[in-house]
Amino acid sequence: YDCVFVTTNPELEGMQGMDIVQILAFFSFIIHSKQYPCAVAHWFVWSEEPDEYTGMWIIFPGFNAGHHPDILIIHVNTIYCTAHLIPVYGTQAIPPEIHTHHSYNFFGAVYVNRFADHHAFEIMP
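Per the UniProt record's numbering, the sequence shown starts with residue 1, numbered consecutively.
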């Protein structure tokens, strides 16, 4: 609901030139009468290969060397399409106080659902 594919390298084909981020906020600023629409984004890190059981890629919330969330500002033109993520559930019961807006923080990893729509299916192997 708030995660998107962003183009990070337009020279590469499909998801090889993309990353997934969680959009935290949208804003814009004006310099010399030109408006720049931007977003605050928390980056995810890709697993080395797709999950052997589901065939889906797993991603993890990105953190910098100081263990702070890897958050950057992006231009909205780099957003390609939405990304549908599914938590990697463990064997523990899910606490009832977990809500969708912080579920990515609760689960250490999520699947990237390539079957959610035709955009995701086309860009992911």
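Backbone N, C-alpha and C define an ideal beta-carbon position, used for all residues, glycine too.
Owing to the predicted nature of the structure, the values given are computational and were not obtained by experimental measurement.
Cut-off 8 Å between Cβ atoms - residues of its own chain near SER103, not counting five sequence neighbours on either side: As a working note, residue 103 is residue 103 in the sequence shown. Once the five neighbours on either side are set aside, the close Cβ partners of SER103 are PRO87.
Selected residue, minimal CA-CA separation from TYR89, among PHE63, LEU72, PHE107 and THR82: Taking the first residue of the sequence shown as 1, we reach residue 89 at position 89. When each option's Cα is compared against that of TYR89, the closest is PHE107.
Outcome for ALA25 when other beta-carbon atoms lying within 10 angstroms are tallied against a minimum of 16: Locating residue 25 in the sequence shown gives position 25, counting from the first residue. Residue environment for ALA25: exposed (fewer than 16 other C-beta atoms within 10 angstroms of its C-beta).
Extent of the continuous beta strand (DSSP E) to which TYR80 belongs: For the purposes of this step, residue 80 is taken as residue 80 along the sequence shown, with counting starting at 1. Counting along the chain, the beta strand (DSSP E) containing TYR80 begins and ends at 79-82.
Local conformation of SER103 per DSSP, three classes: Reading the sequence shown from its first residue, position 103 is the one you call residue 103. Correct three-state label for SER103: helix.
Where VAL45 sits in the DSSP three-state scheme: One-based indexing of the sequence shown puts residue 45 at position 45. Taken through DSSP and simplified to helix, strand or coil, VAL45 comes out as strand.
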